[in-house]
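Peer 1: Before we start, here is the structure in question, set down as C-alpha coordinates.
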Amino acid sequence: MMHLMAGSLPAGLSLGSVADPAALLDSAGGWVLLVVAAIVFIESGALFPFLPGDSLIFTAGLLHAQLGINLVVLMAVIVGAAIAGDQAGYWLGRRFGRRLFTEDAQVLNTRYLTGAENFFTRYGGRSLFLARFVPFARTFVPLAAGTAQYRYRSFLLWNVIGAVLWGVGLTLAGSLLGGVPFVTDHIDLIAVVIVTLSVVPTVVEIMRHITKNRASRAAPSPLVEEQKHDEPVLPHREVEVP
(Lines of atoms letter the chains of each structure in order from A; the text may use other names.)
(Lines give C-alpha, C1' and ligand atoms only; values in the text may rest on other atoms or scores of the structure.)
Protein backbone atom coordinates (compact mmCIF):
# COMPACT_ATOMS: atom_id res chain seq x y z
CA MET A 1 0.00 0.00 0.00
CA MET A 2 2.26 2.57 0.20
CA HIS A 3 5.52 4.09 0.72
CA LEU A 4 4.32 5.09 4.21
CA MET A 5 4.63 1.56 5.48
CA ALA A 6 8.12 1.43 4.10
CA GLY A 7 8.92 4.58 6.03
CA SER A 8 9.48 6.99 3.12
CA LEU A 9 7.31 9.84 1.86
CA PRO A 10 7.49 11.02 -1.75
CA ALA A 11 7.86 14.72 -2.31
CA GLY A 12 5.15 15.17 -4.95
CA LEU A 13 1.45 15.40 -4.25
CA SER A 14 -0.77 13.38 -6.56
CA LEU A 15 -4.18 14.98 -6.97
CA GLY A 16 -5.42 11.77 -8.51
CA SER A 17 -5.09 10.11 -5.10
CA VAL A 18 -7.69 12.37 -3.46
CA ALA A 19 -10.22 9.51 -3.34
CA ASP A 20 -7.69 7.35 -1.46
CA PRO A 21 -6.86 9.08 1.86
CA ALA A 22 -3.87 6.85 2.63
CA ALA A 23 -2.30 7.43 -0.79
CA LEU A 24 -3.09 11.14 -0.59
CA LEU A 25 -1.34 11.51 2.76
CA ASP A 26 1.53 9.40 1.47
CA SER A 27 2.05 11.67 -1.52
CA ALA A 28 1.72 14.94 0.43
CA GLY A 29 5.19 14.74 1.91
CA GLY A 30 6.06 17.75 4.08
CA TRP A 31 2.82 19.44 3.03
CA VAL A 32 0.60 16.90 4.75
CA LEU A 33 -0.79 19.28 7.39
CA LEU A 34 -1.57 21.89 4.76
CA VAL A 35 -3.24 19.28 2.54
CA VAL A 36 -5.40 18.00 5.42
CA ALA A 37 -6.36 21.54 6.44
CA ALA A 38 -7.19 22.52 2.85
CA ILE A 39 -9.43 19.50 2.23
CA VAL A 40 -11.29 19.91 5.54
CA PHE A 41 -11.77 23.63 4.86
CA ILE A 42 -12.92 23.15 1.25
CA GLU A 43 -15.35 20.37 2.14
CA SER A 44 -16.75 22.42 5.02
CA GLY A 45 -17.10 25.86 3.51
CA ALA A 46 -16.09 26.11 -0.12
CA LEU A 47 -19.26 24.43 -1.41
CA PHE A 48 -17.48 21.35 -2.71
CA PRO A 49 -18.77 18.33 -0.76
CA PHE A 50 -17.10 15.59 -2.81
CA LEU A 51 -13.99 15.26 -0.65
CA PRO A 52 -13.06 12.44 1.79
CA GLY A 53 -13.25 14.44 5.03
CA ASP A 54 -14.19 11.65 7.47
CA SER A 55 -11.89 8.98 6.07
CA LEU A 56 -9.07 11.50 5.61
CA ILE A 57 -8.87 12.63 9.22
CA PHE A 58 -9.35 9.08 10.53
CA THR A 59 -6.49 7.90 8.32
CA ALA A 60 -4.36 10.89 9.31
CA GLY A 61 -4.82 9.94 12.96
CA LEU A 62 -4.02 6.33 12.16
CA LEU A 63 -0.78 7.21 10.36
CA HIS A 64 0.30 10.32 12.26
CA ALA A 65 3.40 8.61 13.69
CA GLN A 66 4.58 7.43 10.25
CA LEU A 67 3.83 10.89 8.89
CA GLY A 68 5.95 12.44 11.62
CA ILE A 69 3.11 14.63 12.91
CA ASN A 70 2.34 15.39 16.53
CA LEU A 71 -1.19 14.13 17.26
CA VAL A 72 -2.23 17.23 19.20
CA VAL A 73 -1.01 19.50 16.40
CA LEU A 74 -2.88 17.39 13.84
CA MET A 75 -6.14 17.60 15.80
CA ALA A 76 -5.71 21.35 16.31
CA VAL A 77 -5.22 21.88 12.56
CA ILE A 78 -8.28 19.77 11.70
CA VAL A 79 -10.52 21.52 14.24
CA GLY A 80 -9.29 24.95 13.13
CA ALA A 81 -9.89 24.16 9.46
CA ALA A 82 -13.38 22.80 10.20
CA ILE A 83 -14.34 25.92 12.16
CA ALA A 84 -12.93 28.21 9.47
CA GLY A 85 -14.73 26.30 6.72
CA ASP A 86 -18.08 26.55 8.48
CA GLN A 87 -17.48 30.25 9.04
CA ALA A 88 -16.86 30.73 5.34
CA GLY A 89 -20.07 28.87 4.48
CA TYR A 90 -22.08 30.90 6.98
CA TRP A 91 -20.89 34.27 5.70
CA LEU A 92 -21.32 33.23 2.07
CA GLY A 93 -24.92 32.36 2.86
CA ARG A 94 -25.46 35.54 4.82
CA ARG A 95 -24.01 37.69 2.04
CA PHE A 96 -25.28 35.98 -1.12
CA GLY A 97 -28.00 33.56 0.00
CA ARG A 98 -29.83 31.66 -2.71
CA ARG A 99 -28.21 33.66 -5.49
CA LEU A 100 -25.30 31.21 -5.44
CA PHE A 101 -27.57 28.35 -6.50
CA THR A 102 -29.39 27.41 -9.69
CA GLU A 103 -31.86 24.67 -10.58
CA ASP A 104 -29.61 22.98 -13.15
CA ALA A 105 -26.22 23.19 -11.38
CA GLN A 106 -24.29 20.00 -10.62
CA VAL A 107 -22.95 21.12 -7.22
CA LEU A 108 -24.64 24.40 -6.30
CA ASN A 109 -28.08 23.02 -7.03
CA THR A 110 -31.08 24.70 -5.43
CA ARG A 111 -32.43 21.39 -4.13
CA TYR A 112 -29.30 20.91 -1.99
CA LEU A 113 -29.82 24.28 -0.35
CA THR A 114 -33.52 23.58 0.11
CA GLY A 115 -32.73 20.28 1.81
CA ALA A 116 -30.21 21.99 4.09
CA GLU A 117 -32.72 24.73 4.91
CA ASN A 118 -35.35 22.13 5.82
CA PHE A 119 -32.80 20.31 7.99
CA PHE A 120 -31.85 23.58 9.68
CA THR A 121 -35.49 24.58 10.20
CA ARG A 122 -36.25 21.21 11.78
CA TYR A 123 -33.31 21.01 14.19
CA GLY A 124 -32.30 24.65 14.62
CA GLY A 125 -28.83 25.24 16.04
CA ARG A 126 -28.37 21.53 16.74
CA SER A 127 -28.34 20.94 12.98
CA LEU A 128 -24.93 22.62 12.85
CA PHE A 129 -23.61 20.00 15.26
CA LEU A 130 -25.41 17.06 13.64
CA ALA A 131 -24.44 18.07 10.11
CA ARG A 132 -20.75 18.01 11.01
CA PHE A 133 -20.95 14.20 11.04
CA VAL A 134 -22.87 13.87 7.76
CA PRO A 135 -21.17 14.38 4.36
CA PHE A 136 -22.93 16.88 2.11
CA ALA A 137 -24.93 18.22 5.07
CA ARG A 138 -21.84 19.73 6.67
CA THR A 139 -21.19 21.62 3.44
CA PHE A 140 -24.63 23.14 2.99
CA VAL A 141 -26.12 23.56 6.49
CA PRO A 142 -23.77 26.43 7.50
CA LEU A 143 -24.75 28.13 4.26
CA ALA A 144 -28.42 27.62 5.10
CA ALA A 145 -27.84 29.11 8.56
CA GLY A 146 -26.30 32.19 6.98
CA THR A 147 -29.10 32.46 4.44
CA ALA A 148 -31.61 32.33 7.32
CA GLN A 149 -29.69 35.11 9.11
CA TYR A 150 -29.23 32.81 12.11
CA ARG A 151 -27.73 34.59 15.11
CA TYR A 152 -23.95 34.49 14.77
CA ARG A 153 -23.13 33.81 18.43
CA SER A 154 -25.33 30.73 18.46
CA PHE A 155 -23.89 29.62 15.13
CA LEU A 156 -20.34 29.98 16.44
CA LEU A 157 -21.13 27.96 19.58
CA TRP A 158 -22.58 24.99 17.68
CA ASN A 159 -19.89 25.34 15.03
CA VAL A 160 -17.09 24.98 17.59
CA ILE A 161 -18.77 22.11 19.47
CA GLY A 162 -19.30 20.12 16.28
CA ALA A 163 -15.82 20.80 14.91
CA VAL A 164 -14.09 19.79 18.15
CA LEU A 165 -16.03 16.56 18.62
CA TRP A 166 -15.70 15.61 14.95
CA GLY A 167 -12.05 16.57 14.51
CA VAL A 168 -10.78 15.22 17.82
CA GLY A 169 -13.08 12.18 17.87
CA LEU A 170 -12.29 10.73 14.43
CA THR A 171 -8.59 11.60 14.58
CA LEU A 172 -8.20 10.11 18.05
CA ALA A 173 -10.12 7.00 16.98
CA GLY A 174 -7.68 6.54 14.12
CA SER A 175 -4.73 6.99 16.44
CA LEU A 176 -6.04 4.48 18.99
CA LEU A 177 -6.71 1.89 16.29
CA GLY A 178 -3.26 2.41 14.79
CA GLY A 179 -1.88 -0.35 16.99
CA VAL A 180 -4.36 -2.92 15.72
CA PRO A 181 -2.66 -5.02 13.00
CA PHE A 182 -5.89 -5.68 11.08
CA VAL A 183 -6.60 -1.97 10.82
CA THR A 184 -3.10 -1.02 9.67
CA ASP A 185 -3.12 -3.87 7.13
CA HIS A 186 -6.51 -2.86 5.70
CA ILE A 187 -6.47 0.94 5.75
CA ASP A 188 -8.19 1.19 2.38
CA LEU A 189 -11.01 -1.09 3.52
CA ILE A 190 -11.43 0.84 6.77
CA ALA A 191 -11.64 4.10 4.81
CA VAL A 192 -14.39 2.65 2.61
CA VAL A 193 -16.32 1.48 5.69
CA ILE A 194 -16.07 4.93 7.29
CA VAL A 195 -17.29 6.66 4.14
CA THR A 196 -20.14 4.16 3.80
CA LEU A 197 -21.25 4.57 7.42
CA SER A 198 -21.11 8.35 7.17
CA VAL A 199 -23.19 8.34 3.99
CA VAL A 200 -25.90 5.99 5.35
CA PRO A 201 -27.77 8.72 7.30
CA THR A 202 -27.91 10.86 4.17
CA VAL A 203 -29.23 7.99 2.05
CA VAL A 204 -31.84 7.09 4.68
CA GLU A 205 -33.02 10.69 4.87
CA ILE A 206 -33.22 10.95 1.07
CA MET A 207 -35.22 7.72 0.81
CA ARG A 208 -37.54 8.86 3.60
CA HIS A 209 -38.07 12.16 1.80
CA ILE A 210 -38.78 10.39 -1.53
CA THR A 211 -41.23 8.00 0.14
CA LYS A 212 -42.99 10.88 1.86
CA ASN A 213 -43.29 12.80 -1.41
CA ARG A 214 -44.70 9.77 -3.23
CA ALA A 215 -47.22 9.20 -0.47
CA SER A 216 -48.33 12.83 -0.54
CA ARG A 217 -48.75 12.70 -4.33
CA ALA A 218 -50.70 9.45 -4.13
CA ALA A 219 -53.05 10.72 -1.43
CA PRO A 220 -56.27 12.26 -2.81
CA SER A 221 -56.64 15.98 -2.48
CA PRO A 222 -59.09 17.07 0.25
CA LEU A 223 -60.71 19.37 -2.33
CA VAL A 224 -61.25 16.46 -4.71
CA GLU A 225 -62.71 14.36 -1.90
CA GLU A 226 -65.04 17.20 -0.96
CA GLN A 227 -66.16 17.56 -4.56
CA LYS A 228 -66.84 13.83 -4.75
CA HIS A 229 -69.05 14.00 -1.68
CA ASP A 230 -70.89 17.01 -3.08
CA GLU A 231 -71.73 15.32 -6.37
CA PRO A 232 -75.48 14.59 -6.65
CA VAL A 233 -76.48 10.96 -6.57
CA LEU A 234 -78.47 10.12 -9.69
CA PRO A 235 -81.41 7.76 -9.31
CA HIS A 236 -80.84 4.25 -10.54
CA ARG A 237 -82.64 3.36 -13.75
CA GLU A 238 -82.97 -0.11 -15.04
CA VAL A 239 -82.29 -0.49 -18.72
CA GLU A 240 -84.65 -2.79 -20.52
CA VAL A 241 -83.01 -5.03 -23.06
CA PRO A 242 -85.34 -5.79 -25.98
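Quick note on the UniProt record's numbering: the sequence shown kicks off at 1 and runs consecutively. Virtual Cβ for every residue (Gly too), placed ideally from N, Cα, C.
Measuring only the C-alpha atoms, how far is residue 100 from residue 66?
Peer 2: In the sequence shown, the residue the question calls residue 100 occupies position 100. In the sequence shown, the residue the question calls residue 66 occupies position 66. Rounded to the nearest angstrom, the two C-alpha atoms are 41 Å apart.
Peer 1: Please list the terminal residues of the continuous alpha helix (DSSP H) segment that includes residue 31.
Peer 2: Counting from one through the sequence shown, the residue named residue 31 turns up at place 31. It is not in any alpha helix (DSSP H) - residue 31 carries neither H nor E in the DSSP assignment.
Peer 1: My assumption, with CB atoms under 8 Å, is that residue 158 sits in contact with residue 126. Please give the rounded CB distance.
Peer 2: Sequence index remark: in the sequence shown, residue 158 carries index 158 (1-based). Sequence index remark: in the sequence shown, residue 126 carries index 126 (1-based). Confirmed, about 7 Å.
Peer 1: Can you give me the start and stop residues for the alpha helix (DSSP H) that residue 159 sits inside?
Peer 2: Residue mapping note: residue 159 aligns to position 159 of the sequence shown, counting from 1. Run containing residue 159: 152-176, per the alpha helix (DSSP H) assignment.
Peer 1: Under the three-state reduction of DSSP, which class applies to residue 109: helix, strand or coil?
Peer 2: In the sequence shown, counting from the first residue as 1, residue 109 sits at position 109. DSSP places residue 109 in strand when its eight states are reduced to three.
Peer 1: Alpha carbon to alpha carbon, how far is residue 102 from residue 115? Give it in angstroms, no decimals.
Peer 2: Taking the first residue of the sequence shown as position 1, residue 115 is located at position 115. Taking the first residue of the sequence shown as position 1, residue 102 is located at position 102. If I take the Cα positions, the gap works out to 14 Å.
Peer 1: For a test of the three-state rule: what should DSSP assign to residue 68, helix, strand or coil?
Peer 2: As a position in the sequence shown, residue 68 is number 68, starting the count at 1. Of the three classes helix, strand and coil, the one that applies to residue 68 here is coil, per DSSP.
Peer 1: Are the segment 138-151 and the segment 85-95 in contact at 8 Å, needing three or more beta carbon pairs?
Peer 2: The answer is yes - the segment 85-95 touches the segment 138-151, with three or more Cβ pairs under 8 Å.
Peer 1: Give me, in chain order, the residues of the same chain whose beta-carbon lies closer than 8 Å to that of residue 152; leave out the 5 immediate sequence neighbours on both sides.
Peer 2: Mapped onto the sequence shown, residue 152 falls at position 152. So the list reads 90, once near-sequence residues are dropped.
Peer 1: Count the other CB atoms, across all protein chains shown, that sit within 10 Å of the CB of residue 55; report buried if there are 16 or more and exposed otherwise.
Peer 2: The residue given as residue 55 occupies position 55 in the sequence shown. Residue 55 should be labelled buried.
Peer 1: Hey, quick one: how far does the alpha helix (DSSP H) through residue 134 stretch, first residue to last?
Peer 2: Start at 1 with the first residue of the sequence shown, and residue 134 comes out as number 134. Here residue 134 belongs to no alpha helix (DSSP H), and DSSP marks it neither H nor E.
Peer 1: DSSP puts residue 102 in a beta bridge; with which residues?
Peer 2: As a position in the sequence shown, residue 102 is number 102, starting the count at 1. According to DSSP, residue 102 bridges with 109.
Peer 1: Leaving out the 5 sequence neighbours to the left and right, which residues in its chain are closer than 7 Å to residue 162 when beta-carbon positions are compared?
Peer 2: Walking along the sequence shown from the start, residue 162 turns up at place 162. Answer for residue 162: 128, 129, 132, listed in chain order.
Peer 1: By DSSP, does residue 87 sit in helix, in strand, or in coil?
Peer 2: Here the question's residue 87 lines up with position 87 in the sequence shown. Correct three-state label for residue 87: helix.
Peer 1: As a quick exercise: from 80, 112, 30, pick the residue whose alpha carbon is nearest that of residue 156.
Peer 2: Along the sequence shown, read from residue 1 onward, the residue named residue 156 stands at position 156. The shortest C-alpha separation from residue 156 is found at 80.
Peer 1: Between residue 74 and residue 84, is the Cβ-Cβ spacing less than 8 Å?
Peer 2: As a working note, residue 74 is residue 74 in the sequence shown. As a working note, residue 84 is residue 84 in the sequence shown. For residue 74 and residue 84, no; Cβs fall outside 8 Å.
Peer 1: At the level of alpha carbons, what is the spacing between residue 149 and residue 112?
Peer 2: Numbered from its first residue, the sequence shown carries residue 149 at position 149. Numbered from its first residue, the sequence shown carries residue 112 at position 112. Spanning the two alpha carbons is a distance of roughly 18 Å.
Peer 1: For residue 178 and residue 25, which I take to be in contact (beta-carbon distance under 8 Å), what is that distance rounded to the nearest angstrom?
Peer 2: Working through the sequence shown from its first residue, we reach residue 178 at position 178. Working through the sequence shown from its first residue, we reach residue 25 at position 25. That belief does not hold up - the Cβ atoms of residue 178 and residue 25 are roughly 13 Å apart, past 8 Å.
Peer 1: From what residue to what residue does the alpha helix (DSSP H) around residue 60 run?
Peer 2: For the purposes of this step, residue 60 is taken as residue 60 along the sequence shown, with counting starting at 1. That run of the alpha helix (DSSP H) goes 53-62.
Peer 1: How close, in whole Å, do the beta carbons of residue 174 and residue 41 come, if the pair is a contact with beta carbons under 8 Å?
Peer 2: The sequence position of residue 174 within the sequence shown is 174, counting from 1. The sequence position of residue 41 within the sequence shown is 41, counting from 1. Not really, about 19 Å apart at Cβ, beyond 8 Å.
Peer 1: Looking at the ligand ATP, does it come within less than 7 Å of residue 110, judged from the CB to the closest heavy atom?
Peer 2: As far as ligands go, the structure on display features none, and thus does not contain the ligand ATP.
Peer 1: Can you find the residues in the same chain that come closer than 7 Å, C-beta to C-beta, to residue 120, ignoring five residues on each side of it along the sequence?
Peer 2: Locating residue 120 in the sequence shown gives position 120, where the first residue counts as 1. Hits under 7 Å: 127, 141, 144, 145, 148.
Peer 1: Between 136, 31, 53, which lies nearest to residue 21 when the distance is taken from Cα to Cα?
Peer 2: Position 21 of the sequence shown, counting from 1, holds the residue named residue 21. Ranking the options by Cα distance to residue 21, first place goes to 53.
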